[in-house]
Amino acid sequence: MEEQALLETWQVVVLVILFVGGLIVGGWGIHNTPPEDCGF
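See below:
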């Protein structure tokens, strides 16, 4: 049971890392793009 819980914990950790990484990359993409190119 402990191994299953550990596996699920790692899945959550990986998802969080991917999510945060996506936000950082997306945020940099927004900041590096001129406002007129974004449509704002």
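Each residue of the sequence shown is one higher than the one before, starting from 1077 at the first, in our numbering. Glycine included, each C-beta is placed from N, C-alpha and C at the ideal position. Just so we're clear, the structure is a prediction, and the values are computed from it rather than from any experiment.
Cut-off 8 Å between Cβ atoms - residues of its own chain near residue i, not counting five sequence neighbours on either side
{"i": "L1099", "result": "none"}
{"i": "E1078", "result": "none"}
Residues near residue i by beta carbon distance below 7 Å, same chain, minus five either side
{"i": "W1086", "result": "none"}
Spatial neighbours of residue i in its chain, beta-carbon cut-off 6 Å, leaving aside the 5 residues before and after
{"i": "G1102", "result": "none"}
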